[in-house]
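Notes follow once the structure below has been shown.
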Amino acid sequence: MSLREMVEEVLRLPEADRAALAATLIESLDRETQAVSSDAWDAEIRSRLDEWDRGQVTPIPWDDVRRQLREDASADAG
6 MSLREMVEEV LRLPEADRAA LAATLIESLD RETQAVSSDA WDAEIRSRLD
56 EWDRGQVTPI PWDDVRRQLR EDASADAG
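Okay, here's the thing in structure tokens:
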């Protein structure tokens, strides 16, 4: 079975099965790369929380974020 055929077959699976397969594939990637990435994300999260605690950031309402994302996606598609 070719990779293309495999992908077509996988895309026919129910959503929950596709999600489980995706998680398994991601977990199978290089563990060291994941650890470095995880450490970097942990540092970024701590930094952002510290900024929040110090009152250095202004939250953006979800409705505004969603609208901007849709506008950006439309601009990229067009």
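Going by the working numbering, the first residue of the sequence shown is number 6, and it counts up by one from there.
All residues carry an ideal CB built from backbone N, CA and C; glycine is no exception.
Would residue i and residue j qualify as a contact pair, given that the criterion is a beta-carbon distance under 8 Å?
| i | j | result |
| --- | --- | --- |
| V12 | R23 | no |
In terms of residues, what are the limits of the alpha helix (DSSP H) holding residue i?
| i | result |
| --- | --- |
| L26 | E20 to E32 |
| M6 | Per DSSP, M6 belongs to no alpha helix (DSSP H) and is neither H nor E. |
| D35 | D35 -> no alpha helix (DSSP H), and no H or E assigned at all. |
| V70 | W67 to A82 |
Does residue i have its Cβ less than 8 Å from a Cβ in chain C?
| i | result |
| --- | --- |
| L26 | No chain C appears in this structure, which consists of one protein chain only. |
Using C-beta distances below 8 Å, list every residue in its chain close to residue i, excluding the 5 sequence neighbours before and after it, in chain order.
| i | result |
| --- | --- |
| E56 | V62 |
| L26 | V15 and L18 |
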